[in-house]
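Visitor: Here the protein sequences come in this chain order: A and B. Heads up, my numbering is the position in the first sequence plus 314, with the first residue counted as 1. Heads up, my numbering is the position in the second sequence plus 314, with the first residue counted as 1.
There are 2 protein chains.
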Amino acid sequence: MDSKKPGKSITIYDIASEAGVSPATVSRVMTKSAGVSESKRRAVEHLIQKYEFRPNALAKSLSNTHTHILGLLVADIRNPYFAALAVECEKAANRRGYTVMLCNVLNDNALEDSNLEKLYEQRVDAIIQAGCRVDDLVTDTQYAAHVNRVSRTIPFITTGKLDGTDCYCLNIDDTKGMKIIIDYLVSLGHRRIAMIGGENRKESTYEKWRQYIYLMGKNDLVFRDDYLQEGSYSEKSGYRCMNRLLDLDIVPTAVIAVNDFTAVGALKAAAERGVRIPQDISVISFDNTFLSEISAPKLTTIDYNYKLFGEKLVDTAIGAVEHRDIPKKQLITPSLVVRDSCADVNQKKE
Amino acid sequence: MDSKKPGKSITIYDIASEAGVSPATVSRVMTKSAGVSESKRRAVEHLIQKYEFRPNALAKSLSNTHTHILGLLVADIRNPYFAALAVECEKAANRRGYTVMLCNVLNDNALEDSNLEKLYEQRVDAIIQAGCRVDDLVTDTQYAAHVNRVSRTIPFITTGKLDGTDCYCLNIDDTKGMKIIIDYLVSLGHRRIAMIGGENRKESTYEKWRQYIYLMGKNDLVFRDDYLQEGSYSEKSGYRCMNRLLDLDIVPTAVIAVNDFTAVGALKAAAERGVRIPQDISVISFDNTFLSEISAPKLTTIDYNYKLFGEKLVDTAIGAVEHRDIPKKQLITPSLVVRDSCADVNQKKE
DNA sequence: TTCTTTTTTGCATCCGATTTCATGATATAC
DNA sequence: GTATATCATGAAATCGGATGCAAAAAAGAA
Chain A
315 MDSKKPGKSI TIYDIASEAG VSPATVSRVM TKSAGVSESK RRAVEHLIQK YEFRPNALAK
375 SLSNTHTHIL GLLVADIRNP YFAALAVECE KAANRRGYTV MLCNVLNDNA LEDSNLEKLY
435 EQRVDAIIQA GCRVDDLVTD TQYAAHVNRV SRTIPFITTG KLDGTDCYCL NIDDTKGMKI
495 IIDYLVSLGH RRIAMIGGEN RKESTYEKWR QYIYLMGKND LVFRDDYLQE GSYSEKSGYR
555 CMNRLLDLDI VPTAVIAVND FTAVGALKAA AERGVRIPQD ISVISFDNTF LSEISAPKLT
615 TIDYNYKLFG EKLVDTAIGA VEHRDIPKKQ LITPSLVVRD SCADVNQKKE
Chain B
315 MDSKKPGKSI TIYDIASEAG VSPATVSRVM TKSAGVSESK RRAVEHLIQK YEFRPNALAK
375 SLSNTHTHIL GLLVADIRNP YFAALAVECE KAANRRGYTV MLCNVLNDNA LEDSNLEKLY
435 EQRVDAIIQA GCRVDDLVTD TQYAAHVNRV SRTIPFITTG KLDGTDCYCL NIDDTKGMKI
495 IIDYLVSLGH RRIAMIGGEN RKESTYEKWR QYIYLMGKND LVFRDDYLQE GSYSEKSGYR
555 CMNRLLDLDI VPTAVIAVND FTAVGALKAA AERGVRIPQD ISVISFDNTF LSEISAPKLT
615 TIDYNYKLFG EKLVDTAIGA VEHRDIPKKQ LITPSLVVRD SCADVNQKKE
């Protein structure tokens, strides 16, 4: 039957008995705590090497009530934005001796709830939530209550706002991001600027729109309702929105895409209709995922500084775990990455 | 100080004492095991509801020696291929009551080793490894030894081959994949077929090349050394390889890219030089990630059936955990997804 | 040498579940 | 009404480490 799969792993008790010491001493060696004589320490260490002993993390966590695991809930890891963020979180966590436990929400509320419970049952030290329902403009109160229950025992960090809960919020400063974009386009001489993609129920998109409209007015630029094309976050959506813009009587000279996917769709629509980017129309987007590097032309885009973002997320989580005094709200300032998709309106070259 | 962060979660003991029963009874209710009177069961269930009691998974796992967690080591989750696979693994695992613990190797051997140890310390029930060193043609013997030690106690499933270890291997049938491609191109009348991208030290790439060369001969097609352009797996590499092909005296009529990234690079090179895809040259690739959907034109590509792949990976893992009789080697048959990047050579339309 | 002080060491308990086993309570059979 | 089988229940051990505490050993002081 299970001829060779007994595979019981060895324990500090095994080491202890072979070394002729107590399990407590082995434990002290493992945790490098003081008060072990040099001779016994060496004896124990030798056996640890010999058997390649690796302590059972479950037992460890059970006894000292922390797991050194951070739960990370993301909307969908297949989206390069979340993948980039998740990797940076994992790196940052690793550097600090923590592990990340990743769960995908996949736009499924039931799955989001069950993942939340799973992380809770695993007694992760903190939960970081990026995307998902937390980004919705109007907080689902039942969900908020759910989060509140969990966050009573486990620190909760979110990239949304999640009103009515006791969470740490860490956001990208979308207001500033949009301002950087508009300033840049204005500096290139653009006056007819459109914006495509996104859903108004999403906090960050809503903020971008609001800021877009505000800055249109403030800079005395052309604002038309049909220059703000609502959609979603997909390439298809960008394609559709861009086509609608290209059908207008007066076509904009610059298009802001809500994210890289949308921008890629816009590029495709333009290419199909023989509209040259950036000579005829400039395109600029948010996210700076690898898509902006591989698209043709490469996209000028707002970078979220994933490394810093991930690091702050993790630091906030760990800080909360260690009861340090962490601000409840923090903002990350984005920056502009200039590539090839924007041009000066006055230098349209043939 | 920690004014409101005591947050001790409740236990079966708390429930037991309030219900006036023993912890054992509470446990029986939790695990839905038989032998609890209806009255006590209801009393306990009521308290579980009331306090929203969630059992400590650590304690549970410690006592019954399985965690219901599957470790998943991937090369880099930012690569859409791994993201697609990871999500399918997670879904499949969830369906079977398991959780996935994901770790990125990020092309860093030390990180790969430490992740392996971390998963071992967590006592995950099984480890699935996709990409990483396992895909190397020549197995690093030291690494194999390392894996062997872990796989003594934890079933190990890999998408590579990993000679000299006791692992379950689950591969894509690249031989068949290449045959499907060549057959398809031949059916479209192509005779000058090139192949770009990949590294010959990677098992799956090596197999593709070998099969490509073999089928060139078998089908009596044009084979030239410079039609096989070695590179890597990036968009940049595809771009460079494609340019090299376009510089040749006799340009191929079809190009096989080792993956979607490479194909996207090839499309970009072609576009820049005014070469139309697919009218002038057909491009076909492996992977079928979302890139093949958003590229222009959309890519005809080999699909790996991520759902089935993830499912088999997870089933193999769980099967091994449960000591069921699982084949040590399995193959997944890929299929062709026809989109817009290949054309019949005889119908070059102006 | 004897009395302190300091350092080592192990015993025992805890963390929070599961599970075996013995016991007491019920139900069924004769 | 007694004997037997069935069922419900809790006490206690277990999983594998961490750690407070007291005892033992070693080191220092007088």
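Beta carbons: idealized from backbone N, C-alpha and C, even for Gly. No experiment lies behind these values; they were computed from the predicted model shown.
Give the residues of chain B in contact with A:S375, contact being defined as C-beta atoms less than 8 Å apart.
Guide: Walking along the first sequence from the start, residue 375 of chain A turns up at place 61. Those within 8 Å of A:S375 in chain B are L372.
Visitor: Give the range of the beta strand (DSSP E) segment to which B:I591 is assigned.
Guide: On the second sequence, position 277 is the one that residue 591 of chain B refers to. No beta strand (DSSP E) holds B:I591; DSSP gives it neither H nor E.
Visitor: Could you compute how far the alpha carbon of A:P369 sits from the alpha carbon of A:K642?
Guide: One-based indexing of the first sequence puts residue 369 of chain A at position 55. One-based indexing of the first sequence puts residue 642 of chain A at position 328. Each residue's Cα considered, the two are about 36 Å apart.
Visitor: Can you tell me which of B:I471, B:N619, B:F623, B:I598 puts its alpha carbon nearest to the alpha carbon of B:L613?
Guide: Reading the second sequence from its first residue, position 299 is the one you call residue 613 of chain B. Among B:I471, B:N619, B:F623, B:I598, the Cα nearest to that of B:L613 belongs to B:I598.
Visitor: Is the shortest distance between the beta-carbon of B:D428 and the beta-carbons of chain A less than 9 Å?
Guide: Your numbering for residue 428 of chain B matches position 114 in the second sequence. One detail in the question is off: residue 428 of chain B reads as Ser in this sequence, not Asp. It does: the Cβ of B:S428 has a partner Cβ on chain A nearer than 9 Å.
Visitor: When DSSP builds the beta bridges, which residues end up paired with B:G624?
Guide: Taking the first residue of the second sequence as 1, we reach residue 624 of chain B at position 310. Answer is none; B:G624 lacks a bridge partner.
Visitor: Using a threshold of 9 Å, state whether the C-beta atoms of B:G262 and B:N462 are closer than that.
Guide: Residue 262 of chain B falls outside the range modelled here, since chain B spans only 315 to 664, and no answer is possible.
Visitor: By the 10 Å Cβ neighbour count, where 16 or more other Cβ atoms means buried, how is B:A406 classified, buried or exposed?
Guide: Taking the first residue of the second sequence as position 1, residue 406 of chain B is located at position 92. Buried, since its Cβ has 16 or more Cβ neighbours within 10 Å.
Visitor: With 16 as the cutoff for other CB atoms within 10 Å, does A:E352 come out buried or exposed?
Guide: The residue you call residue 352 of chain A lines up with position 38 of the first sequence. It is exposed - the Cβ of A:E352 has fewer than 16 other Cβ atoms within 10 Å.
Visitor: Less than 6 Å between C-beta atoms, sequence neighbours within five positions excluded: which residues of the same chain meet that for B:I646?
Guide: Counted from its first residue, the second sequence places residue 646 of chain B at position 332. If we look at B:I646 and ignore the five residues flanking it on each side, its Cβ neighbours are I486, F623.
Visitor: Using a cut-off of 7 Å between C-beta atoms, extract the partners of A:E404 located in chain B.
Guide: The count along the first sequence starts at 1 and reaches residue 404 of chain A at position 90. Here the neighbours are N418.
Visitor: If you drop the 5 nearest sequence neighbours on each side, which residues of the same chain put their C-beta closer than 6 Å to that of B:D561?
Guide: Reading the second sequence from its first residue, position 247 is the one you call residue 561 of chain B. So the list is empty, once near-sequence residues are dropped.
Visitor: With the cut-off set at 9 Å, would you say B:Y482 and B:F470 are in Cβ contact?
Guide: Counted from its first residue, the second sequence places residue 482 of chain B at position 168. Counted from its first residue, the second sequence places residue 470 of chain B at position 156. Contact: yes.
Visitor: Looking only at DSSP bridge pairs, what is B:S551 linked to?
Guide: Taking the second sequence and counting its residues from 1, one reaches residue 551 of chain B at position 237. DSSP lists no partner for B:S551.
Visitor: Give me the Cα-Cα distance between B:H360 and B:V335, rounded to the nearest whole angstrom.
Guide: Position 46 of the second sequence, counting from 1, holds the residue named residue 360 of chain B. Position 21 of the second sequence, counting from 1, holds the residue named residue 335 of chain B. Using only the alpha carbons, I get a separation of about 13 Å.
Visitor: At the level of alpha carbons, what is the spacing between B:T379 and A:T472?
Guide: Translated into positions along the second sequence, residue 379 of chain B becomes position 65. Translated into positions along the first sequence, residue 472 of chain A becomes position 158. Rounded to whole angstroms, B:T379 to A:T472 spans 33 Å at the Cα level.
Visitor: For B:V401 and A:I391, I'd like the C-alpha separation in whole angstroms.
Guide: Within the second sequence, residue 401 of chain B is the residue found at index 87, counting from 1. Within the first sequence, residue 391 of chain A is the residue found at index 77, counting from 1. The straight-line gap from Cα to Cα measures roughly 7 Å.
Visitor: Considering B:T614, what are the terminal residues of the beta strand (DSSP E) in which it resides?
Guide: As a working note, residue 614 of chain B is residue 300 in the second sequence. Residues 614-617.
Visitor: How big is the Cα-Cα spacing for B:S546 and B:L484?
Guide: If you number the second sequence from 1, residue 546 of chain B lands on position 232. If you number the second sequence from 1, residue 484 of chain B lands on position 170. Computed Cα separation, rounded: 23 Å.
Visitor: Between which two residues does the beta strand (DSSP E) containing B:K522 stretch?
Guide: Locating residue 522 of chain B in the second sequence gives position 208, where the first residue counts as 1. Not the beta strand (DSSP E): B:K522 falls in the alpha helix (DSSP H), residues 517-532.
Visitor: Let's test the definition: count the other Cβ atoms within 10 Å of the Cβ of A:D540 and tell me whether it reaches 16, buried, or not, exposed.
Guide: One-based indexing of the first sequence puts residue 540 of chain A at position 226. Burial call: exposed.
Visitor: With a threshold of 6 Å on Cβ separation, who are the neighbours of B:Y395 within its own chain once the five nearest residues in sequence on each side are excluded?
Guide: As a first step, residue 395 of chain B must be located in the second sequence, where it is residue number 81. Answer for B:Y395: D601, T603, listed in chain order.
Visitor: Can you tell me the Cα-Cα spacing of A:E636 and A:A373, whole angstroms?
Guide: Looking up residue 636 of chain A in the first sequence gives position 322. Looking up residue 373 of chain A in the first sequence gives position 59. Computed Cα separation, rounded: 21 Å.
Visitor: So, helix, strand or coil for B:T467, using DSSP?
Guide: Numbered from 1 along the second sequence, position 153 holds the residue referred to as residue 467 of chain B. Note: B:T467 maps to helix in three-state DSSP.
Visitor: Count the CB pairs spanning the stretch 513-533 of chain A and the stretch 553-567 of chain A that are closer than 8 Å, and state whether there are at least three.
Guide: With a cut-off of 8 Å, the stretch 553-567 of chain A and the stretch 513-533 of chain A do not count as touching, because too few Cβ pairs lie within range.
Visitor: Hey, which unbroken runs of the alpha helix (DSSP H) at 4 residues or more fall wholly within the stretch 330-402 of chain B?
Guide: 337-344, 352-365, 371-378, all fully within the stretch 330-402 of chain B.
Visitor: Where does A:E517 land, buried or exposed, given buried means 16+ other C-beta within 10 angstroms?
Guide: The residue you call residue 517 of chain A lines up with position 203 of the first sequence. By the neighbour-count rule (16 or more Cβ atoms within 10 Å), A:E517 is buried.
Visitor: Is B:Q593 buried or exposed, if buried means 16 or more other CB atoms sit within 10 Å of its CB?
Guide: Position 279 of the second sequence, counted from the start, is the residue given in the question as residue 593 of chain B. Exposed, since its Cβ has fewer than 16 Cβ neighbours within 10 Å.
Visitor: Label B:D563 either buried or exposed according to how many other C-beta atoms from any shown protein chain fall within 10 Å of its C-beta, with 16 as the threshold for buried.
Guide: Taking the second sequence and counting its residues from 1, the one referred to as residue 563 of chain B is at position 249. It counts as exposed.
Visitor: Starting from the beta carbon of A:A400, find every residue of chain B whose beta carbon is closer than 8 Å, and list them in chain order.
Guide: Indexing the first sequence from 1 puts residue 400 of chain A at position 86. Those are I391, listed as they occur along chain B.
Visitor: At a CB-CB cut-off below 9 Å, which residues of chain B make contact with A:A366?
Guide: As a working note, residue 366 of chain A is residue 52 in the first sequence. It is Glu, not Ala, that sits at residue 366 of chain A in the sequence shown. Near A:E366 (Cβ distances below 9 Å), the residues of chain B are R463.
Visitor: Between the stretch 436-450 of chain B and chain A, which residues of the former have a C-beta closer than 7 Å to a C-beta of the latter?
Guide: Listed by position, the residues of the stretch 436-450 of chain B near chain A (Cβ gap below 7 Å) are Q436, R437.
Visitor: Can you look up A:D477 in the DSSP assignment and give me helix, strand or coil?
Guide: Here residue 477 of chain A is taken as the residue at index 163 of the first sequence, counted from 1. DSSP places A:D477 in coil when its eight states are reduced to three.
Visitor: Please list the residues of the stretch 542-555 of chain A that have a C-beta atom closer than 8 Å to any C-beta atom in chain B, keeping them in chain order.
Guide: For the stretch 542-555 of chain A, which is checked against every Cβ of chain B, the residues closer than 8 Å are E549.
Visitor: Go through its chain and collect everything with a Cβ distance to B:D658's Cβ below 8 Å, but skip five positions before and after it.
Guide: Here the question's residue 658 of chain B lines up with position 344 in the second sequence. Same-chain partners within the cutoff: L502, G503.
Visitor: Chain A partners of B:M509, CB-CB under 9 Å?
Guide: Here residue 509 of chain B corresponds to residue number 195 of the second sequence, with the count starting at 1. Result: empty, since nearest Cβ-Cβ is about 20 Å, beyond 9 Å.
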